[in-house]
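Visitor: Every letter in the sequence shown is one number past the one before it in my numbering, and letter 45, counting from 1, is 55.
Beta carbons are placed, not taken as given, at the ideal position from N, Cα and C, and that holds for glycine.
Fair warning: this is a prediction, and the values are worked out from it, not measured in the lab.
Here it is: the structure, laid out below.
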Amino acid sequence: MIDTHCHLADIKFEKDLPAVIARAKEAGVERMITIADSMDEAEACIAIADTFADVFCTVGVHPHNAKDWKPGDAERLKEMVMQSKKVRAIGEIGLDYHYNHSPKSVQRGVFLEELTLSREIGLPAVVHCREAIKDIETIVREVEPLQMVLHCCTEKWEDIAWLIELGHSLSFTGIATYPDAKVIRRTIEQTPLTQIMIETDSPYLAPAVHRGKRNEPAFVAEVLRLVAKLKGVSVEEVEEVTTRNAVEFFGLMR
Ligand SMILES: [Zn+2]
Ligand SMILES: [Zn+2]
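Structure below.
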């Protein structure tokens, strides 16, 4: 298993990160991708990935933080990619019209720039979307990224089928295990297993059985079990295919 999206640089992991990573490995999580949401967190993610052999990372600025984007930041991200072999994608980037922590037009400009950067430097993109799928589609069709994953997918199948047709991937979190998440479970049923990845988005969004607790990479097995149930195939098969998907996406060949 690979937890393709966790935030190990989050303050909630500050006190016990080595124990969190050890528990993940004990639970069968071989690798973790720690995801950045700002320039500072990108530096922190690189430091963590450089410390722990089985942790890889992304660099990028989250739509919440788009307002802090400065001229020259794309260049800085490029330098960070060169700085460590553990950087495997640009992310998380995208649009979030739910919270609007940054103005929509600013979010769109920064997303366009970061997605273009990912294409230029030949890295995949980890994309965040909330209540913004139409504008995500417009920008993705314009930039034509090499490979992207829409992470923590909560979209209706009808709204996201275009991304699957383009050959991109969806990744799902513990949210899909919540009783009211029927829409997400239907999207999982429709998405080919070869285009699915699993993640925790920890420390947030603990799966139903751990709801209310801090989430951590060890809990990604809950998402795996749910996908297996929805697809009507064995947990082993889903583990094998989603691990292969993640290994290919993030270039984790042994
Ligand atoms: Zn996100
Ligand atoms: Zn995230």
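(1) Judging by CA-CA distance, which residue of Val69, Arg98, Asn75 is the nearest neighbour of Arg86?
(2) Could you give the DSSP three-state label for Ile143: helix, strand or coil?
(3) So the alpha helix (DSSP H) Phe5 belongs to, where does it begin and stop?
(4) For Ala32, report the span of its beta strand (DSSP E) as first-last.
(5) Just the residues with CB closer than 6 Å to a heavy atom of ligand 2, in chain order, which are they?
(6) If I'm right that Ile208 touches Thr14 with Cβ under 8 Å, what's the distance once you round it to whole angstroms?
(7) Strictly by DSSP, which residues pair up with Thr44?
(8) Just the Cα atoms here: how many angstroms apart are Lys22 and Met92?
(9) For Phe182, which of helix, strand or coil comes out of DSSP?
(10) Going by the beta-carbon positions, is the gap between Met49 and Cys16 smaller than 8 Å?
(11) With a cut-off of 8 Å, do at least 3 Cβ pairs link the stretch 53–63 to the stretch 240–248?
(12) So, Pro217 versus Ala34, is the Cβ gap smaller than 8 Å?
(13) Between Cys162 and ligand 1, is there a pair consisting of the residue's CB and a ligand heavy atom that are separated by less than 7 Å?
(14) Any contact of the stretch 161–173 with the stretch 187–196, i.e. 3+ C-beta pairs under 8 Å?
(15) Which of helix, strand or coil does DSSP assign to Glu53?
(16) Excluding the 5 residues flanking His220 on each side, which residues of the same chain have their C-beta closer than 7 Å to its C-beta?
(17) Quick check on the burial criterion: 16 or more other C-beta atoms within 10 angstroms. Buried or exposed for Pro73?
(18) Could you tell me the distance, in whole angstroms, from the CA atom of His108 to the CA atom of Lys223?
(19) From what residue to what residue does the beta strand (DSSP E) around Arg196 run?
(20) Look at the Cβ atom of Phe260, then the Cβ atom of Ala135, and state whether they are nearer than 8 Å.
(21) Within a Cβ cutoff of 7 Å, which residues of the same chain sit near Arg140, ignoring the five residues on either side of it in sequence?
(22) Along the chain, where does the alpha helix (DSSP H) containing Val159 start, and where does it finish?
(23) Please report the Cβ distance between Pro202 and Ile174, rounded to the nearest whole angstrom; I am assuming they are in contact, meaning their Cβ atoms lie under 8 Å.
(24) Leaving out five residues on either side along the sequence, give the residues of the same chain with a beta carbon under 7 Å from the beta carbon of Phe121.
(25) Distance check for Leu18 and Leu27, CA to CA, integer angstroms please.
Guide: Inspection of the coordinates gives the following:
(1) Against the sequence shown, residue 86 aligns to sequence position 76. When only C-alpha atoms are compared, the closest one is Val69.
(2) In the sequence shown, residue 143 corresponds to position 133, counting from 1. Under the three-state reduction of DSSP, Ile143 is assigned to helix.
(3) Since the first residue shown for the chain is 11 and the last is 264, residue 5 is missing from the structure and cannot be characterised.
(4) Translated into positions along the sequence shown, residue 32 becomes position 22. From DSSP, Ala32 is part of no beta strand (DSSP E) but of the alpha helix (DSSP H) over 27–36.
(5) Cβ atoms closer than 6 Å to ligand 2 belong to His15, His17, Ile45, Glu102, Asp211.
(6) Here residue 208 corresponds to residue number 198 of the sequence shown, with the count starting at 1. Here residue 14 corresponds to residue number 4 of the sequence shown, with the count starting at 1. Indeed, because the Cβ distance is near 7 Å, the residues count as touching under 8 Å.
(7) On the sequence shown, position 34 is the one that residue 44 refers to. Cys16, Cys67, per the DSSP bridge assignment.
(8) Mapped onto the sequence shown, residue 22 falls at position 12. Mapped onto the sequence shown, residue 92 falls at position 82. Just so you know, the alpha carbons of Lys22 and Met92 end up roughly 28 Å apart.
(9) Along the sequence shown, one-based indexing puts residue 182 at 172. In this structure, Phe182 counts as strand in the three-state DSSP scheme.
(10) Reading the sequence shown from its first residue, position 39 is the one you call residue 49. Reading the sequence shown from its first residue, position 6 is the one you call residue 16. When the beta-carbon positions are compared, Met49 and Cys16 stay at least 8 Å from each other.
(11) Remark: fewer than three beta-carbon pairs, one from each stretch, lie closer than 8 Å, so the stretch 53–63 and the stretch 240–248 are not flagged as touching.
(12) As a first step, residue 217 must be located in the sequence shown, where it is residue number 207. As a first step, residue 34 must be located in the sequence shown, where it is residue number 24. In this structure, Pro217 keeps its C-beta atom at 8 Å or more from the C-beta atom of Ala34.
(13) As a first step, residue 162 is located in the sequence shown; it is residue number 152 there, counting from the start. The answer is yes for Cys162.
(14) Judged by pairs of C-beta atoms under 8 Å, the stretch 161–173 touches the stretch 187–196, as three or more such pairs exist.
(15) Counting from 1 along the sequence shown, the entry for residue 53 is found at position 43. Glu53 falls in the helix class under three-state DSSP.
(16) Taking the sequence shown and counting its residues from 1, one reaches residue 220 at position 210. Around His220, the same chain offers Phe229 as residues with beta carbons nearer than 7 Å, after the five sequence neighbours per side are excluded.
(17) In the sequence shown, counting from the first residue as 1, residue 73 sits at position 63. So Pro73 counts as buried.
(18) Walking along the sequence shown from the start, residue 108 turns up at place 98. Walking along the sequence shown from the start, residue 223 turns up at place 213. Distance between the alpha carbons of His108 and Lys223: 24 Å.
(19) Working through the sequence shown from its first residue, we reach residue 196 at position 186. First-last for Arg196: 192–200, but that is the alpha helix (DSSP H), not the beta strand (DSSP E).
(20) By one-based count along the sequence shown, residue 260 stands at place 250. By one-based count along the sequence shown, residue 135 stands at place 125. No, the Cβ-Cβ distance between Phe260 and Ala135 is not below 8 Å.
(21) Start at 1 with the first residue of the sequence shown, and residue 140 comes out as number 130. Hits under 7 Å: Asp106, Tyr107, His108.
(22) In the sequence shown, residue 159 corresponds to position 149, counting from 1. For Val159, there is no enclosing alpha helix (DSSP H); the residue is part of the beta strand (DSSP E) that begins and ends at 158–160.
(23) Against the sequence shown, residue 202 aligns to sequence position 192. Against the sequence shown, residue 174 aligns to sequence position 164. By a beta-carbon distance limit of 8 Å, Pro202 contacts Ile174. Their separation comes to about 7 Å.
(24) In the sequence shown, residue 121 corresponds to position 111, counting from 1. Pro73, Ile103, Gly104, Leu105, Ile149.
(25) As a first step, residue 27 must be located in the sequence shown, where it is residue number 17. As a first step, residue 18 must be located in the sequence shown, where it is residue number 8. Cα to Cα, Leu27 sits roughly 7 Å from Leu18.
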